[in-house]
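**Q**
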Amino acid sequence: KKCSWIKHEKELCCNSFDVILPLVCRAKTDGGSREFSRKPDRVILSHTLEKTCSRLYECCKIVRELQHYHMHELNWPDIGHNFLIGDDGRVYVGRGWNKMGQFSHDFNEKSLSIAFIGNFFNIPPGPMALSAARNLIECAVIKDYLMENYTLHMHEDIECTTNPAPSLKRKIQEWPHYGGEIPNYLGC
Numbered sequence: 001k002k003c004s005w006i007k008h009e010k011e012l013c014c015n016s017f018d019v020i021l022p023l024v025c026r027a028k029t030d031g032g033s034r035e036f037s038r039k040p041d042r043v044i045l046s047h048t049l050e051k052t053c054s055r056l057y058e059c060c061k062i063v064r065e066l067q068h069y070h071m072h073e074l075n076w077p078d079i080g081h082n083f084l085i086g087d088d089g090r091v092y093v094g095r096g097w098n099k100m101g102q103f104s105h106d107f108n109e110k111s112l113s114i115a116f117i118g119n120f121f122n123i124p125p126g127p128m129a130l131s132a133a134r135n136l137i138e139c140a141v142i143k144d145y146l147m148e149n150y151t152l153h154m155h156e157d158i159e160c161t162t163n164p165a166p167s168l169k170r171k172i173q174e175w176p177h178y179g180g181e182i183p184n185y186l187g188c
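Under UniProt numbering, the first residue of the sequence shown carries the number 1, and numbering increases by one thereafter.
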């Protein structure tokens, strides 16, 4: 069962690199998000606090609900993240590569925002979701959407948040480029 709001599902392949990502694009996108003025040098990871999804239809429904909440309750021009990742291993396009996210007070202009769909306080995302995130980040570097010397951070590494994801953070800390708390971070 497909979501009616999906324009298409396609494979995003990085040339000269063995990465294939299932990429789900939205039919409706924003008209008011600002474009990056320079290539991001950070990736900020978070979780949505929704239930985890492992099927296309479930994930689409959650992404659509998040978009509605961000646009109609928070008055943002679109969903706040550049990309979202389901436990089905698919990458759901939020604002995409070229538009700034709206997830932080100070780091939107410098960062790609990737949110794992689900609540990962106690249990980390599944291996397909973690692999999709790593492949998405590698693809961003290869396709020149992200600085090669980027740093990787959790949302709680850049500002106080009421929704940390310690089980996700334990996994992310093992990845190359993990930068921990950003210098001059005030903490909570």
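Where a beta carbon is used, it is the ideal one built from N, C-alpha and C, also for glycine.
All values reported here derive from a predicted model rather than from experimental measurement.
Can you tell me the Cα-Cα spacing of L168 and L152, whole angstroms?
**A** Answer to the nearest angstrom: the Cα atoms are 13 Å apart.
**Q** May I have the straight-line CA-CA distance separating N146 from L45, to the nearest angstrom?
**A** The residue you asked about is not Asn; residue 146 is Leu in the sequence shown. Each residue's alpha carbon lies about 14 Å from the other.
**Q** Just to check my reading of the structure: F83 and L136 have Cβ atoms closer than 8 Å, yes? What is that Cβ distance to the nearest angstrom?
**A** Indeed, because the Cβ distance is near 6 Å, the residues count as touching under 8 Å.
**Q** Shortest alpha-carbon distance to P40 belongs to which of K171, I123, K110 and D78?
**A** If we check each option's Cα against that of P40, K110 comes out closest.
**Q** Taking the alpha-carbon positions, what's the R42 to Y57 distance?
**A** About 30 Å.
**Q** To the nearest angstrom, report how far apart N122 and N75 are at their CA atoms.
**A** Approximately 31 Å, taken between the alpha carbons.
**Q** Are A129 and D78 close, meaning C-beta to C-beta below 8 Å?
**A** Cβ distance not < 8 Å, so A129 and D78 don't count as in contact.
**Q** With a cut-off of 8 Å on the beta carbons, I'd call F120 and H68 a contact; round off their distance for me.
**A** Rounded, the Cβ-Cβ distance is 22 Å, inconsistent with contact.
**Q** For the beta strand (DSSP E) containing R42, list its first residue and its last residue.
**A** Start and end: R42 to H47.
**Q** Going straight from the alpha carbon of Y178 to that of A115, what length do you get?
**A** When rounded, the distance between both Cα atoms is 16 Å.
**Q** What does the alpha-carbon distance come out to for the pair P164 and R34?
**A** Using only the alpha carbons, I get a separation of about 27 Å.
**Q** Identify the continuous beta strand (DSSP E) that holds M100 and give its terminal residues.
**A** That residue, M100, is in no beta strand (DSSP E); it is neither H nor E in DSSP.
**Q** What is the rounded straight-line gap between the Cα of E148 and the Cα of I142?
**A** Distance between the alpha carbons of E148 and I142: 8 Å.
**Q** When the distance is taken between beta carbons, is I85 closer than 8 Å to A133?
**A** The answer is yes: Cβ separation under 8 Å.
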